[in-house]
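Data first, discussion second: the structure below is written as structure tokens.
Have a look at this one:
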């Protein structure tokens with residue numbers, strides 16, 4: 017009779033452990049899947065930011081060029097100095 021009770025205890029404990037492990041496995045799979053989806057979104061956002069950064073760098077380089085600055089200065093009414101005048105005290 018004691019052997020049957022011991023056998024049932026081990027069976028119940030084993031089934032409980034198996035159930036706990038199955039639940040942990042399902043939780044781990046769901047967590048991994050959702051983290052993978054977030055990682056894909058983060059990588060896509062990073063790529064978009066890198067492209068935007070490259071576009072802004074190119075725009076800055078073109079606006080900073082000497083020819084663009086000279087053209088903008090001419091449009092604003094600036095002209096080349098004919099004679100340089102120095103101010104002194």
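Numbering (the numbering used here), first residue to last: 17 to 105.
Ideal Cβ placement from N, Cα and C applies to all residues, glycine included.
Keep in mind it's a predicted model, so treat the numbers as computed, not measured.
Note down the Cα distance separating residue i from residue j, rounded to an integer number of angstroms.
i, j, result
"residue 34", "residue 41", "10 angstroms"
"residue 52", "residue 59", "11 angstroms"
"residue 98", "residue 67", "44 angstroms"
"residue 71", "residue 45", "39 angstroms"
"residue 55", "residue 73", "27 angstroms"
"residue 82", "residue 62", "32 angstroms"
"residue 86", "residue 101", "21 angstroms"
"residue 78", "residue 94", "20 angstroms"
"residue 39", "residue 19", "30 angstroms"
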